[in-house]
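Encoded as structure tokens, the structure appears first; notes follow it.
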Amino acid sequence: MIKLENLTKHFGSKKVLEAVNLTISDGQAISIIGPSGCGKSTLLKLLIKLDQPTSGKIFIDQQDVNALDEEALIGLRKKIGMIFQTSALFDSMTVFENVAFALREHTNKKEGEVNEIVKAKLEMVELEGTGDLMPAELSGGMQRRVCIARALAFDPRIILYDEPTTGLDPITAVTIENLMIKLGRQLKATSIVVTHVLQTVFRTSERIYFLADGKLIDLGSPQEAQSSNDPRVKTFITGGLNP
Numbered sequence: 073m074i075k076l077e078n079l080t081k082h083f084g085s086k087k088v089l090e091a092v093n094l095t096i097s098d099g100q101a102i103s104i105i106g107p108s109g110c111g112k113s114t115l116l117k118l119l120i121k122l123d124q125p126t127s128g129k130i131f132i133d134q135q136d137v138n139a140l141d142e143e144a145l146i147g148l149r150k151k152i153g154m155i156f157q158t159s160a161l162f163d164s165m166t167v168f169e170n171v172a173f174a175l176r177e178h179t180n181k182k183e184g185e186v187n188e189i190v191k192a193k194l195e196m197v198e199l200e201g202t203g204d205l206m207p208a209e210l211s212g213g214m215q216r217r218v219c220i221a222r223a224l225a226f227d228p229r230i231i232l233y234d235e236p237t238t239g240l241d242p243i244t245a246v247t248i249e250n251l252m253i254k255l256g257r258q259l260k261a262t263s264i265v266v267t268h269v270l271q272t273v274f275r276t277s278e279r280i281y282f283l284a285d286g287k288l289i290d291l292g293s294p295q296e297a298q299s300s301n302d303p304r305v306k307t308f309i310t311g312g313l314n315p
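Residue 73 is where the sequence shown starts when you use our numbering, and the numbers rise one by one after that.
Written out as structure tokens, the structure is:
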């Protein structure tokens, strides 16, 4: 379970998160939507301690994230798979080496075990036979799938998606969404998607939250979100056009 208690993050005078409270149950799939720059990606960084909150607490499996030492934090991060918006692959490494990187750095697994894990994860994202390719040889959608494979290396219980379909063509975006849905069913992992791509939100989430002015608004199910009477939500969903 993930629990945020009065989570606050300020950048100078800008209040990105203001006393946010949220509980996410194990296996739940949620999305956080909102305009660019509202703090969605910042929230993900706080969850894995890539940034520090101004105040408030984050608990993952009853562990206070910001109280963890380096060793305990590495252990926690092994439970969490992070899919970055830009894929963030190592350009100088092959697909295989990218997926194997954390396994080689943070485990004592033998190379044969690493090979089997990498092969299995590439199969999960339908990229069999691509291990020897370089990131520059891949399409944007394939790079995103390699990023997902890398995030699955430790069989995470939590998967964080930062704009997983932004910048992809419609057909490739659907492919990534289908993969997200499949992984949710197979792994029964908790997933948090931050994005402004509404199709991705409506197809992959059980519950949707809207982040605006530092506050997190519970919109309910995708169907409930689309019928929200909050003017900010309506404007965001309709793109400012009258429905």
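Ideal Cβ positions, reconstructed from N, Cα and C, are used throughout, including at glycine.
A direct Cα-to-Cα measurement between residue 133 and residue 230 gives close to 11 Å. Judged by DSSP secondary structure, residue 113 falls within the alpha helix (DSSP H) whose first and last residues are 112–119. Residue 110 and residue 173 have their alpha carbons spaced roughly 32 Å apart. In this structure, the straight-line span from the alpha carbon of residue 213 to that of residue 178 is close to 27 Å. Counting along the chain, residue 154 sits inside the beta strand (DSSP E) bounded by residues 152–155. Residue 227 holds the alpha-carbon nearest to the alpha-carbon of residue 151 among 227, 186, 233 and 272. Below 8 Å, too few C-beta pairs join the region 122–133 and the region 203–219 to call them touching: fewer than three. Between residue 297 and residue 280, the C-beta spacing is below 8 Å.
For the 8 Å CB-CB criterion, residue 180 and residue 218 do not form a contact. Here the region 88–104 makes contact with the region 281–291; the two share three or more CB pairs at distances below 8 Å.
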